[in-house]
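When we follow my numbering, the leftmost residue of the sequence shown carries the number 125, and every step to the right adds one.
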Amino acid sequence: MARIFSGIQPSGELHIGNYLGAVKNWVTLQHTAESIFCIVDYHAITGSYKPDLLRARRRDMALGLLAAGIDPAVSTLFVQSDVPEHTELAWIFNSVTPLGELERQTQFKDKSQRMESVNAGILTYPILQAADILLYRADRVPVGEDQLQHLELSRVIARRWNAEFARDDDFFPEPQPVLTPTRRIMGLDGQAKMSKSMGNTIGLLESPEEIWSKLRPAVTDPKRIKKTDPGTPEVCNIYHLHKAFSPPATVEHVAVQCSTAGWGCIDCKKVLAESMESELVPIRARAAALRDDTAGVDGALAAGADRCRTLARETMRGVRERMGFD
Ligand code: TRP
125 MARIFSGIQP
135 SGELHIGNYL
145 GAVKNWVTLQ
155 HTAESIFCIV
165 DYHAITGSYK
175 PDLLRARRRD
185 MALGLLAAGI
195 DPAVSTLFVQ
205 SDVPEHTELA
215 WIFNSVTPLG
225 ELERQTQFKD
235 KSQRMESVNA
245 GILTYPILQA
255 ADILLYRADR
265 VPVGEDQLQH
275 LELSRVIARR
285 WNAEFARDDD
295 FFPEPQPVLT
305 PTRRIMGLDG
315 QAKMSKSMGN
325 TIGLLESPEE
335 IWSKLRPAVT
345 DPKRIKKTDP
355 GTPEVCNIYH
365 LHKAFSPPAT
375 VEHVAVQCST
385 AGWGCIDCKK
395 VLAESMESEL
405 VPIRARAAAL
415 RDDTAGVDGA
425 LAAGADRCRT
435 LARETMRGVR
445 ERMGFD
């Protein structure tokens, strides 16, 4: 059976960009293959951070993932730092990763340009990501487009390691991306990808009032100034959110109303708010139940870590043998 692995940074509360861009797809895929999902807290320390905040964000992320529908009875959810083999394998992969490939990563180039002092973790981040995936010998990795380059590097690493140490049996499979069906979700400013650091998000667990207070002023088609101006749905971020949350018939109706100036943007946003409610109500309810069940959340993570430690130990035994560390 195929094995799926994916990871998410503990950035705190999930927002609808994370949800539509990754997590919703995980929730569907968990029923199609053996699935392992990881809160990658070791990845999160490449930027400056506060230990207490990391603790809180890890917990919030776990709660958000479970509320969104990751079912610990079906898939495995765990925290990366609970399985030390991730960093062990990452060190080993250092020795088969070409420096040039790391320097070519667009995410490295972007981040290092923006930072005053660049730590080595920013550069080697994708090596740890390759270790995450290959430690479980996963064949499929559901991700958004922005991770394709990192995944390509994971395949390079698997190939190089196999060529060096596992010529006979291709010990590590080359992991293939499974792209999220939703295209990348822009923030409410309509300018940048929805992300916590840009402050343009809607939290997955926010109340209907909070959501409306963000949707109401959200940027739409910039050419639509008056209500009587016909709009172009395809250039409007609200329309893209409709595609993610509204039933197909509504999406069609929205497109017609927008392009004929039948509706103003506020009308359109009201319908979106309703569609979002239908999807978010059960998620919010699960989150409320989980907040009262800390032991349940901790228990799911502990069970996940136990299972992953067993799998990780087994992979490392194979790695150590083939590399002469046994
Ligand atoms: N780099 C990924 C991101 O920022 C997170 C991640 C870490 C990941 N390890 C992974 C994703 C392994 C998929 C598989 O979104």
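From the three backbone atoms N, C-alpha and C, an ideal C-beta is built for every residue, glycine too.
Would you tell me roughly how many angstroms separate the C-alpha atoms of Q381 and L275, rounded to the nearest one? Taking the sequence shown and counting its residues from 1, the one referred to as residue 381 is at position 257. Taking the sequence shown and counting its residues from 1, the one referred to as residue 275 is at position 151. Going from the Cα of Q381 to the Cα of L275 covers about 41 Å.
Count the other CB atoms, across all protein chains shown, that sit within 10 Å of the CB of Y166; report buried if there are 16 or more and exposed otherwise. Counting from 1 along the sequence shown, the entry for residue 166 is found at position 42. Label assigned to Y166: buried.
Determine the DSSP secondary structure at T434, reduced to helix, strand or coil. Numbered from its first residue, the sequence shown carries residue 434 at position 310. If DSSP states are grouped into helix, strand and coil, T434 belongs with the helices.
Residues near A262 by beta carbon distance below 8 Å, same chain, minus five either side: Within the sequence shown, numbered from 1, the residue matching residue 262 stands at position 138. Same-chain partners within the cutoff: R127, I128, F129, I160, P297 and P299.
Assigned exposure category for P357 - 16 Cβ within 10 Å defines buried: Counting from one through the sequence shown, the residue named residue 357 turns up at place 233. With 16 or more other Cβ atoms within 10 Å, it is buried.
Identify which residue in P332, D345, G386 and A419 has its Cα closest to the Cα of E403. On the sequence shown, residue 403 is found 279 positions in, with the first residue counted as 1. When each option's Cα is compared against that of E403, the closest is P332.
Count the C-beta pairs between the stretch 359-372 and the stretch 341-350 that are closer than 8 Å, then say yes if the count reaches three, no if not. yes
Can you list, in chain order, the residues of its chain whose CB lies under 8 Å from that of N243, leaving out five sequence neighbours each side? Translated into positions along the sequence shown, residue 243 becomes position 119. Excluding residues within five positions, the ones whose Cβ falls inside 8 Å are T170.
Within the same chain, show all residues whose beta-carbon is closer than 6 Å to that of P134, passing over the 5 residues directly before and after it, in chain order. Your numbering for residue 134 matches position 10 in the sequence shown. Once the five neighbours on either side are set aside, the close Cβ partners of P134 are I163, D165, A168, R181, R182 and M185.
Tell me whether V203, by its Cβ, gets closer than 7 Å to a heavy atom of ligand 1. In the sequence shown, residue 203 corresponds to position 79, counting from 1. V203: no, Cβ never under 7 Å from ligand 1.
In terms of alpha-carbon separation, which member of G448, R441, L425 and H377 lies closest to L187? As a first step, residue 187 is located in the sequence shown; it is residue number 63 there, counting from the start. That would be L425, whose Cα lies nearest to the Cα of L187.
Buried or exposed, going by whether 16 or more other CB atoms sit within 10 Å of the CB of V378? As a working mapping, residue 378 is identified with position 254 in the sequence shown. With 16 or more Cβ atoms within 10 Å of its Cβ, V378 is classed as buried.
Where do the N-terminal and C-terminal ends of the beta strand (DSSP E) with R291 fall, by residue? One-based indexing of the sequence shown puts residue 291 at position 167. First-last for R291: undefined, no H or E at that position.
Coil, strand or helix - I349 by DSSP: On the sequence shown, position 225 is the one that residue 349 refers to. Here I349 sits in coil by DSSP.
Unbroken beta strand (DSSP E) run spanning C162, endpoints: Start at 1 with the first residue of the sequence shown, and residue 162 comes out as number 38. Looking at the DSSP string, the run of the beta strand (DSSP E) that includes C162 is E158 to I163.
Closest to E438 by CA distance: which of L259, A255 and N149 is it? By one-based count along the sequence shown, residue 438 stands at place 314. Looking at the Cα atoms, L259 is the closest of the given residues.
So, does the stretch 425-436 touch the stretch 194-202, judging by three or more C-beta pairs under 8 Å? yes
Consider the C-beta atom of H139 and the heavy atoms of ligand 1; say whether any pair is separated by less than 7 Å. Start at 1 with the first residue of the sequence shown, and residue 139 comes out as number 15. No, since every heavy atom of ligand 1 falls outside the 7 Å radius drawn around the Cβ of H139.
Is the separation between the beta-carbon of L329 and that of A191 shorter than 8 Å? Here residue 329 refers to the residue found at position 205 of the sequence shown. Here residue 191 refers to the residue found at position 67 of the sequence shown. Against a cut-off of 8 Å, the Cβ pair of A191 and L329 comes out as a contact.
Do you know how far the Cα of R284 is from the Cα of A436? Taking the first residue of the sequence shown as position 1, residue 436 is located at position 312. Taking the first residue of the sequence shown as position 1, residue 284 is located at position 160. Cα to Cα, the separation comes out at about 20 Å.
Strand pairing of V203, partner residues [DSSP]: Numbered from 1 along the sequence shown, position 79 holds the residue referred to as residue 203. For V203, which the question treats as bridged, DSSP gives the partners I163.
By alpha-carbon positions, which one of T156, R408, D294 and E137 ends up nearest to P266? Counting from 1 along the sequence shown, the entry for residue 266 is found at position 142. For the residues T156, R408, D294 and E137, the minimum Cα distance to P266 belongs to T156.
Alpha carbon to alpha carbon, how far is P371 from K393? Numbered from 1 along the sequence shown, position 247 holds the residue referred to as residue 371. Numbered from 1 along the sequence shown, position 269 holds the residue referred to as residue 393. Approximately 15 Å, taken between the alpha carbons.
Assuming contact is defined by CB atoms lying nearer than 8 Å, are T211 and I251 in contact in what I supplied? Position 87 of the sequence shown, counted from the first residue, corresponds to residue 211. Position 127 of the sequence shown, counted from the first residue, corresponds to residue 251. Their beta carbons are not under 8 Å apart, which means T211 does not touch I251 by this criterion.
Quick one, are the C-beta atoms of G327 and A146 less than 8 Å apart? As a working mapping, residue 327 is identified with position 203 in the sequence shown. As a working mapping, residue 146 is identified with position 22 in the sequence shown. No, they are not a contact pair.
For a test of the three-state rule: what should DSSP assign to H122, helix, strand or coil? The question about residue 122 has no answer, for the chain in this structure spans 125 to 450.
With DSSP as the reference, label L303 as helix, strand or coil. The sequence position of residue 303 within the sequence shown is 179, counting from 1. Strand, per DSSP.
For the candidate residues A214, D206 and G136, whose alpha-carbon lies nearest to that of D176? As a position in the sequence shown, residue 176 is number 52, starting the count at 1. Measuring from the Cα of D176, the nearest candidate turns out to be G136.
To the nearest angstrom, how far is the alpha carbon of L453 from that of L414? Look at the range of the chain in this structure, 125 to 450, and you will see that residue 453 is not part of it.
Which value, in whole angstroms, describes the spacing of the CA atoms of Q231 and L277? Position 107 of the sequence shown, counted from the start, is the residue given in the question as residue 231. Position 153 of the sequence shown, counted from the start, is the residue given in the question as residue 277. Those two C-alpha atoms are separated by around 12 Å.
Fully enclosed by the stretch 214-281, which alpha helix (DSSP H) runs are 4 residues long or longer? 223-227, 230-238 and 244-259
With 16 other Cβ atoms within 10 Å as the buried cut-off, status of T248: Your numbering for residue 248 matches position 124 in the sequence shown. Label assigned to T248: buried.
Give the straight-line distance between the Cα atoms of F449 and D422, rounded to the nearest whole angstrom. The residue labelled residue 449 in the question sits at position 325 within the sequence shown. The residue labelled residue 422 in the question sits at position 298 within the sequence shown. C-alpha separation (whole angstroms): 34 Å.
Bounding residues of the beta strand (DSSP E) (the contiguous stretch that carries S454): Residue 454 lies beyond the stretch modelled for the chain, which goes from 125 to 450, so this question has no answer here.
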